[in-house]
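**Q** Per the working numbering, the sequence shown runs over residues 76 to 446. The beta carbon of each residue, even a glycine, is placed where N, CA and C say it ideally should be. None of these values were measured; they are calculated from a predicted model. Sharing a structure here in structure tokens format.
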Amino acid sequence: MSKIPELLTSLSGEKIDTVEKWEKFRRREILNLFEEYVYGVRDIERPENLRFEIKHEDIFRCMRRREIRASFDSFQFPFTLYLPLEQTKALPAFVLVLHENMENHSYFNKEGNLIFEDSLMPIKDITERGFAVAVMPTRDLYRDWMAHEHYQHGVLAAVKTPKGRQKNSWATISAWAWGTSRVLDYLETDEEIDDKNVAVIGHSRSGKTALWAAATDQRFKLAVPNNSGCMGAAVLRGKEGEHAKEINISDWFCENFKDFNEYEEMLPVDQHMLLALVAPRYVYVTSSQIDTWADPRAEYLSCRLASEAFELYGLKGFEAPAEEPPLEEPIQEGHIAYHMKRGDHSITAYDWNHVMDYFEKIIKQENEERV
76 MSKIPELLTS LSGEKIDTVE KWEKFRRREI LNLFEEYVYG VRDIERPENL
126 RFEIKHEDIF RCMRRREIRA SFDSFQFPFT LYLPLEQTKA LPAFVLVLHE
176 NMENHSYFNK EGNLIFEDSL MPIKDITERG FAVAVMPTRD LYRDWMAHEH
226 YQHGVLAAVK TPKGRQKNSW ATISAWAWGT SRVLDYLETD EEIDDKNVAV
276 IGHSRSGKTA LWAAATDQRF KLAVPNNSGC MGAAVLRGKE GEHAKEINIS
326 DWFCENFKDF NEYEEMLPVD QHMLLALVAP RYVYVTSSQI DTWADPRAEY
376 LSCRLASEAF ELYGLKGFEA PAEEPPLEEP IQEGHIAYHM KRGDHSITAY
426 DWNHVMDYFE KIIKQENEER V
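Shown next as structure tokens:
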């Protein structure tokens, strides 16, 4: 296995041993490397003329449902906010990234669960526990999966890159992550939402998106990549299952990343460094035992290696009891949490319940520290 890049050594070879050096130099280096070689450089962040419009409100499966449209210029995309029937205070929220395949093949059952194949998003249960859930479909932001030679739809077409698509230009994952930040822009305007406590969560390719969203937008309190695997939470070097050459049949990453299909050892970053960009906030990596394509061991290793960045702040990073991921024994003592459930590639009530436990715990701890 090729050498994994050192998290706390700068490009100049200097040891990063203070928060100041991390924030001024190393964090910026790592973020720029991910932009240049993996996720691409965005041409826009928040547009000056960004607008939000509530299109419809009703009661759905004993929840309040609010359908919202975000837009700027001629571009628009929808998302839906689910809230409990009754609330007495501003609520913490999840932004759930619903990638196109999930959107096309999911449905709500009568219990208020959003069902997709072996996966379950218990939306009603989440609201009953005191959270809001903003469900963001990705279709209108940018279409999924196959490579696109030109920016012909979605936000990438709307921005109209002056020189056309470059090898380091943003692509699908970054477009979706951009969308989560615009959803958060809306949540900051909604008095029913505690906008200081918003998590971004996704399954599979949406989990990759959740991590990049939290890395690029420090307003997110918590990132939850579920079964995110290759170019998500899993260390690339030495992992099982999916690698660069398999994942690059998609248009999820910038063109520069395709250069590493047969030369992964030349990539100047690895995914523990992406987890580290979330410091000093929180990240909860969730795996599935037999999901070898994503590789839970590589996701667990990433958590262990990322811990150094959190420890720079004097925080507990990853309080890992063993070198191998324990089965259904959640690790939730530090700013990096982890669990591995039984089964294959999915997100289930097991994942959601433990993530909500952790989110409640960190909100309570921070509230107590402020008193």
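Please classify residue 311 as buried or exposed, where buried requires at least 16 other C-beta atoms within 10 Å of its C-beta.
**A** When all chains shown are included, residue 311 counts as buried.
**Q** Looking at the structure shown, is residue 371 part of a helix, part of a strand, or coil, going by DSSP?
**A** In the structure shown, residue 371 sits in a helix (DSSP, three-state: H, G or I).
**Q** Exposed or buried, which one is residue 338 when buried takes at least 16 other CB atoms within 10 Å?
**A** Residue 338 should be labelled exposed.
**Q** Once the 5 residues before and after residue 117 are set aside, which same chain residues still bring their CB inside 7 Å of it?
**A** Taken in chain order, the residues that qualify are 245, 249 and 253.
**Q** Just to confirm my understanding: we take residue 405, look at its own chain, exclude 5 residues before and 5 after, and list those with CB closer than 6 Å. What are they?
**A** Counting only Cβ-Cβ distances below 6 Å, and skipping sequence neighbours, we find 414 and 429.
**Q** Along the chain, where does the beta strand (DSSP E) that runs through residue 156 open and close?
**A** Looking at the DSSP string, the run of the beta strand (DSSP E) that includes residue 156 is 150 to 159.
**Q** Taking residue 361 as part of the beta strand (DSSP E), name the residues at either end of that continuous run.
**A** 357 to 363 is the span of the beta strand (DSSP E), which, as asked, contains residue 361.
**Q** Just the C-alpha distance for residue 103 and residue 154, rounded to the nearest angstrom, thanks.
**A** Taking the straight line from one Cα to the other gives about 31 Å.
**Q** Using DSSP with H/G/I as helix, E/B as strand and the rest coil, what is residue 428?
**A** Helix at residue 428.
**Q** In this structure, what does DSSP give as the bridge partners for residue 35?
**A** Not covered by the structure: residue 35. The range shown for the chain is 76 to 446.
**Q** What is the residue span of the alpha helix (DSSP H) that residue 352 lies within?
**A** Segment: none, residue 352 is in no alpha helix (DSSP H) and carries neither H nor E.
**Q** In whole angstroms, give me the CA-to-CA distance for residue 109 and residue 289.
**A** Approximately 13 Å, taken between the alpha carbons.
**Q** Short check: CB of residue 211 to CB of residue 172, under 8 Å?
**A** Yes. Within cutoff.
**Q** My output table needs one value for residue 90: the three-state DSSP class, helix, strand or coil.
**A** Of the three classes helix, strand and coil, the one that applies to residue 90 here is strand, per DSSP.
**Q** Looking only at DSSP bridge pairs, what is residue 194 linked to?
**A** Paired residues: 191.
**Q** Could you check how far apart the C-beta atoms of residue 309 and residue 374 are, in whole angstroms? I think they sit under 8 Å.
**A** Indeed, because the Cβ distance is near 5 Å, the residues count as touching under 8 Å.
**Q** Residue 134 and residue 143 - do their beta-carbons sit closer together than 8 Å?
**A** Not closer than 8 Å, so no.
**Q** In terms of residue numbering, what span does the alpha helix (DSSP H) encompassing residue 177 cover?
**A** It spans 175 to 179 - the alpha helix (DSSP H) in which residue 177 sits, taken as one unbroken run.
**Q** Skipping 5 residues on each side, what residues in its chain have a beta carbon closer than 6 Å to that of residue 215?
**A** These residues qualify, in order along the chain: 152.
**Q** According to DSSP, what are the bridge partners of residue 182?
**A** According to DSSP, which records beta bridges pairwise, residue 182 is partnered with 190.
**Q** CA-CA distance, residue 410 and residue 437?
**A** Taking the straight line from one Cα to the other gives about 9 Å.
**Q** Does DSSP classify residue 344 as helix, strand or coil?
**A** Reduced to three states, the DSSP call for residue 344 is coil.
**Q** Taking the DSSP output, what are the residues bridged to residue 416?
**A** Paired residue(s): 363.
**Q** To the nearest angstrom, how far is it from the Cα of residue 183 to the Cα of residue 360?
**A** Each residue's Cα considered, the two are about 26 Å apart.
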